[in-house]
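Trainee:
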Amino acid sequence: MIAYKFLAPGAVGPFTGFSWPVPSAAAPGRWVEAPDRREEHGIHACRERDLAFWLDAELWRAELADPVTDAQRQVISPRARLLERIVAWDGAAARAFAEACLSRARELCAAKPSGPVSAALSGYLAEATEFLEAGDPACSAYISARSAVVAAGGDEDAFGAEREQQGILLARLLRLAAPHGV
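With my numbering, the residue at position 97 of the sequence shown is 258, and numbering never jumps.
Rendered as structure tokens:
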């Protein structure tokens, strides 16, 4: 299965500190195996709709070996390898993505009449804008998604739905192909 993996600079796992073997111009990176066969210890990657949940400095297209388990906001495999870095994901793309997320949050705010919900949404917009201007587009996009919960009257499911929409938006912005299974 082809999926995506966000990594810290230098192809380093943000949670594990694992340095991934990177592909060369001629070949994909070498296969990496999970430490054991327990499902939760597998190699985690994401589908396009999950991208916004895992933002980091580098985005890689990865190949996952079967069996691939579908988990909440990710997929898990016992083996994986990096195929290529998505070079379109850079500082400018991260900012453009956060600006698009902020624009969606502004639409939510504009759709609400004046009152407590509108005031709360305005606060989220202000905070998302501050993080964007401070150079933290990932936090800005997160706060923009949190505003969906306020707009939905406190329904926490709205956050996940908005993050999925952000993931689809990010895939479009980066012009990611939609391989079968992603």
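Idealized CB from N, CA, C, for every residue including glycine.
Taking the Cβ atom as the reference point for each residue, do residue 243 and residue 170 lie within a distance shorter than 8 Å?
Mentor: Going by C-beta atoms, residue 243 is not nearer than 8 Å to residue 170.
Trainee: Beta-carbon within less than 7 Å of residue 215's beta-carbon, same chain only, minus the 5 sequence neighbours each way: which residues are those?
Mentor: 167 and 207.
Trainee: So what does DSSP say about residue 317, is it helix, strand or coil?
Mentor: Three-state result, residue 317: coil.
Trainee: Could you check if residue 198 is buried or exposed, using at least 16 other CB atoms within 10 Å of its CB as the buried criterion?
Mentor: So residue 198 ends up on the exposed side.
Trainee: Answer with buried or exposed for residue 308, where buried requires no fewer than 16 other C-beta atoms within 10 angstroms of its C-beta.
Mentor: Buried.
Trainee: Quick one: is residue 180 buried, meaning 16 or more other Cβ sit within 10 Å of its Cβ, or exposed?
Mentor: So residue 180 counts as exposed.
Trainee: Starting from the Cα of residue 212, find the closest Cα among 337, 228, 333 and 328 and give me that residue.
Mentor: Ranking the options by Cα distance to residue 212, first place goes to 328.
Trainee: Could you check if residue 205 is buried or exposed, using at least 16 other CB atoms within 10 Å of its CB as the buried criterion?
Mentor: Classification for residue 205: buried.
Trainee: If I measure Cβ to Cβ from residue 176 and keep anything under 8 Å in the same chain, skipping five residues before and after, which residues do I get?
Mentor: There are no such residues.
Trainee: Provide the residue span of the alpha helix (DSSP H) that contains residue 229, from first to last.
Mentor: No alpha helix (DSSP H) holds residue 229; DSSP gives it neither H nor E.
Trainee: Buried or exposed for residue 315, going by 16 or more other Cβ atoms inside 10 Å?
Mentor: Looking at its Cβ environment, which holds fewer than 16 other Cβ atoms inside 10 Å, residue 315 is exposed.
Trainee: State whether the segment 300-307 contacts the segment 262-277, with contact taken as three or more CB pairs (one from each stretch) at a distance under 8 Å.
Mentor: Short answer: they touch.
Trainee: Looking at C-alpha atoms only, which residue of 235, 201 and 182 is the closest neighbour of residue 162?
Mentor: Residue 162 has its Cα closest to that of 235, out of 235, 201 and 182.
Trainee: Excluding the five sequence neighbours on either side, which residues of its own chain have a C-beta within less than 7 Å of the C-beta of residue 300, listed in chain order?
Mentor: Only 292 meet the Cβ criterion.
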